[in-house]
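Worksheet: one structure, shown below.
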Amino acid sequence: MKTITFYLFAFAITLASAQTTYPVDWDQAVGANATFTIEVGDTVLWTWANGVPHTVTSQAGSVETFDSGTLTGAGTEFQYTFTVVGDNPYLCEVHPVMMAGTITVEAVLSVQDKFERNVTFYPNPVDEMLVIASLYKLDSYEIYNLLGKKVGWGDGNGTFTHLNTSYLNSGVYFIKVTSGEFQTTRKIIKN
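Mapping to our numbering: the sequence shown position 24 is 76, numbers consecutive.
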C-alpha cells in the first residue's frame, strides 16, 4: 500500500510541476525554426499574428497528432496539450517552408533548463537579420563583443525578436537575453 501511495504522490507532483501554457506568435516571420522543448502536460498556444490563413498541423513521425484546420484572422488561437514524450514535427500547411518546427516533449525539466533549451538564434552565422526565438516572451537583449564591451541592446518582442545586426563588424559576439528572472547567453558569428 505504501508503494502505491508513493507512486500516486510522485505522479501527482509530476503533473503539478508541468501543465504550463506557452504562447507562440504564429505568422510567416517565424521561419522554419518554431522549435521548442516542453514537459509532458504542457500546452502550446499558437496565436495568429496576422490576418492570413494558417494551420498548425503535425507531420509524419510526430508522436502525437494535432491539426488546427485552416484558420484566419489576427488573434485567432489554437492550443494543444502534449501528453507523450517524444518529437512532434509540425508546420503550417499554407506556408510549409516559412512556418515549421518541432515540439519536443520531455518527462521533466527544471524551469531554468526549459528556458535555456528554448532560446534559439538563427541564422547563425548571420549577415543582417537575426531572429531570436523563445518559448518565453523576451524582455530584453544585450550584445557584447569579445572584449566584453556592450555594443548593442534592446527590448524583446514576444516569442520572436528580429534583430538588425548590419551595424556590427564581422566577428564573434555574445547575446544575453532576459525573460523575467531568467537569463542565458549565446555566441553568434556576424559575417
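Cβ coordinates follow ideal geometry from the N, Cα and C atoms, glycine included.
Same chain, Cβ closer than 8 angstroms to residue i, five either side skipped, listed in chain order
{"i": "T99", "result": "P75, V76, D77, W78, G127, T128 and E129"}
{"i": "A159", "result": "T66, E91, V92 and V137"}
{"i": "M151", "result": "W78, D79, Q80, V82, G83, A84, A86, H106, L143 and C144"}
Neighbourhood of residue i by C-beta distance below 7 angstroms, restricted to the same chain and skipping five residues each side
{"i": "E218", "result": "In the sequence under discussion, the amino acid at residue 218 is Ser, which differs from the Glu named in the question. Counting only Cβ-Cβ distances below 7 angstroms, and skipping sequence neighbours, we find E180."}
Exposed unless 16 or more other CB atoms sit within 10 angstroms - verdict on residue i
{"i": "S120", "result": "buried"}
{"i": "K239", "result": "exposed"}
{"i": "A112", "result": "exposed"}
{"i": "T237", "result": "exposed"}
{"i": "K166", "result": "buried"}
{"i": "L161", "result": "buried"}
{"i": "T109", "result": "buried"}
{"i": "V163", "result": "exposed"}
DSSP beta-bridge partners of residue i
{"i": "E129", "result": "T99"}
{"i": "Q235", "result": "T230"}
{"i": "F212", "result": "A185"}
{"i": "S222", "result": "Bridge partners of S222: none, in fact."}
{"i": "E110", "result": "Looking at the sequence itself, residue 110 is Ser, so the reference to Glu does not match. Answer is Y142."}
Proximity to residue i [Cα-Cα], best of the options
{"i": "F212", "options": "K242, I195, N197 and N170", "result": "N170"}
Neighbourhood of residue i by C-beta distance below 6 angstroms, restricted to the same chain and skipping five residues each side
{"i": "T154", "result": "T87, D139 and P141"}
{"i": "Q5", "result": "Outside the shown range of the chain (53 to 243) lies residue 5, about which nothing can therefore be said."}
{"i": "D191", "result": "G208, T230 and S231"}
{"i": "Q71", "result": "G93"}
{"i": "I195", "result": "V203, G204, Y225 and I227"}
{"i": "S114", "result": "N140 and P141"}
Cβ separation of residue i and residue j, assumed to be a contact under 8 angstroms, to the nearest whole Å
{"i": "L215", "j": "K242", "result": "About 11 angstroms separates the two Cβ atoms, so there is no contact after all."}
Distance cut-off 7 angstroms: residue i Cβ against heavy atoms of the ligand NAD
{"i": "D207", "result": "As far as ligands go, the structure on display features none, and thus does not contain the ligand NAD."}
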